[in-house]
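**Q**
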Amino acid sequence: MRKLLVIAALAYFGYGYVTGTWSLPWGSSSSPVVSNQNPTSQSTAIRSAPVQTFSCDGRQHCSQMRSYEEARFFIRNCPNTKMDGDGDGIPCEKQFGR
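To convert a position in the sequence shown, counted from 1, into the working numbering, add 58.
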């Protein structure tokens, strides 16, 4: 009778372990990974890399720009822009106060 209980218990827990409903406390692949890295340095690295989403879409004038950064992107990367009247490389000086 005792052997039957041991076999039944092993079968029950074995089935639970195989199907994922039970796990062994002394080792499994889902154990947490401990890292010695500083978590603040990771978050700083993520925040310090902004993504530019500007693209040349045919706009040429300052009135069509939403920001100084966008205007600067356009005069540096897009053809036929009319945003630098005096040719000093600074776009939309009156609009953005630069």
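Heads up, the beta-carbon is just placed ideally off N, CA and C, and yes, glycines get one too. Being a predicted model, the structure only gives us computed values, none of them experimental.
Which of the three DSSP states, helix, strand or coil, is assigned to Lys61?
**A** Position 3 of the sequence shown, counted from the first residue, corresponds to residue 61. Of the three classes helix, strand and coil, the one that applies to Lys61 here is helix, per DSSP.
**Q** Quick one: measure Cβ to Cβ for Phe132 and Thr139, integer angstroms, because I've assumed they're closer than 8 Å.
**A** Numbered from 1 along the sequence shown, position 74 holds the residue referred to as residue 132. Numbered from 1 along the sequence shown, position 81 holds the residue referred to as residue 139. Sure, about 5 Å apart at Cβ, within 8 Å.
**Q** If you measure between the beta carbons of Cys120 and Cys150, is that distance less than 7 Å?
**A** The residue you call residue 120 lines up with position 62 of the sequence shown. The residue you call residue 150 lines up with position 92 of the sequence shown. Cβ atoms of Cys120 and Cys150: closer than 7 Å.
**Q** What number of angstroms, rounded off, separates the C-alpha of Gly155 from the C-alpha of Glu127?
**A** Residue mapping note: residue 155 aligns to position 97 of the sequence shown, counting from 1. Residue mapping note: residue 127 aligns to position 69 of the sequence shown, counting from 1. Looking at the two C-alpha atoms, the distance is approximately 13 Å.
**Q** Tell me which same chain residues have a C-beta within less than 6 Å of the C-beta of Ala129, skipping the five on either side of it?
**A** Working through the sequence shown from its first residue, we reach residue 129 at position 71. These residues qualify, in order along the chain: Met123, Met141, Pro149, Cys150.
**Q** Tell me which same chain residues have a C-beta within less than 6 Å of the C-beta of Phe112, skipping the five on either side of it?
**A** What you label residue 112 is simply residue 54 of the sequence shown in a count that begins at 1. Cβ within range, chain order: Glu128, Phe131.
**Q** Could you tell me whether the Cβ of Leu68 comes closer than 7 Å to any Cβ of chain C?
**A** As a matter of chain content, chain C is missing from the structure shown, which is built from one protein chain.
**Q** For Leu62, which residues from the same chain have a beta carbon less than 6 Å from its beta carbon, with the 5 sequence-adjacent residues on both sides left out?
**A** Taking the first residue of the sequence shown as position 1, residue 62 is located at position 4. Around Leu62: no qualifying Cβ.
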